[in-house]
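The block underneath contains the structure these notes are about, expressed in structure tokens.
Numbering (this note's numbering), first residue to last: 16 to 274.
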């Protein structure tokens, strides 16, 4: 039983697979180039470029002092509160009204990212939009609306704007290089996988090693067949098949006449 299981196992020679892949390297490179072109063309033609603009707010107001651990913890808690307030419906809808945007609350919220830089009391509001000027305008309006909302809700001074958003000149997404690289590597990997699978499933006997591998027999000698011999054998089989066909045809005609 163990011998049968051992016989059914497929031995994978990594060195042999490496040589197989090297022989098909031209195909893998061709697939890589095709993947790069296809992914890059799809990115350019069908994916809308977007631009990111960011504005910053300082969390602590003028009336807030940082003199103790409790004050630092309060600043950390305020940061979390500001992040929630920045994307609240009143703040976002006030920005929509202020800029006369033709979009719903949910659409604008999807474009906004609110984050707190590590070990700081600075809140960063980032807006991603297909139009760079609009991205900067929305980011600045979001910062003003958030500061006004915090001052009103917390009955304190208005937080300071650390940095206004500027109009971006370079798109933030999609990344043409990244998408093209992913497309090329993906298609090349598929081509390599197909080559490996075809090699592993090919059990035809090609040389002495295959005879021993698949049949378990030792070869005593091998006779090379030249191209001329192959051509002569093919020509001989072709001409030998013709008389047989003619004899068969004559036999059928004689049977018809006899009938």
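Every residue gets a Cβ at the ideal spot worked out from N, C-alpha and C, and that includes glycine.
All values derive from a computational prediction rather than experimental measurement.
Burial is judged here by how many other beta carbons sit within 10 angstroms of a residue's own beta carbon; residue 147 has at least 16 and is buried. No Cβ-Cβ contact shorter than 7 Å links residue 65 with residue 167. Excluding sequence positions up to five before and after residue 107, its CB lies within less than 7 Å of the CB of 120, 123 and 124, all in the same chain and listed in chain order. Contiguous alpha helix (DSSP H) elements confined to the segment 145-190 occur at 147-169, taking only those with 4 or more residues. Of all C-beta pairs linking the segment 99-106 to the segment 173-188, fewer than three are shorter than 8 Å, placing the two stretches out of contact. Taking the Cα positions, residue 176 is about 18 Å away from residue 133.
Residue 156 is positioned such that its CB atom lies no closer than 7 Å to that of residue 69. Residue 47 places its beta carbon less than 7 Å from that of residue 203.
Excluding five sequence positions before and after residue 60, none of the CB atoms of its chain fall closer than 8 Å to its own CB. Excluding its 5 nearest sequence neighbours in each direction, residue 55 has C-beta neighbours in its own chain below 8 Å: 191, 194, 195 and 198, listed in chain order.
In this structure, residue 160 sits near residue 109, with a CB-CB distance shorter than 7 Å.
Straight-line spacing of the CA atoms in residue 217 and residue 30 works out to 17 Å. Going by DSSP, residue 126 is part of the alpha helix (DSSP H) stretching over 120-126. Note that the C-beta distance between residue 52 and residue 206 is not below 7 Å. When only Cα atoms are considered, residue 74 and residue 141 end up about 16 Å apart. In the three-state reduction of the DSSP assignment, residue 63 falls in the coil class, being assigned neither a helical nor a strand state.
The C-beta of residue 208 has fewer than 16 other C-beta atoms within 10 Å across all chains shown, which makes the residue exposed.
Just measuring C-alpha positions, the residue of 49, 111, 67 and 171 sitting nearest residue 128 is 67. Annotation for residue 134: no alpha helix (DSSP H) segment contains it, and DSSP assigns it neither H nor E. Cβ-Cβ separation between residue 210 and residue 35: approximately 6 Å, consistent with a contact (criterion under 8 Å). Within 10 angstroms of the beta-carbon of residue 40 lie fewer than 16 other beta-carbons, which makes it exposed.
Checking the DSSP bridge columns, you'll see residue 72 partnered with 138 and 176. Straight-line spacing of the CA atoms in residue 118 and residue 145 works out to 14 Å. Following the DSSP letters along the chain, one finds residue 112 inside the alpha helix (DSSP H) bounded by residues 104-114.
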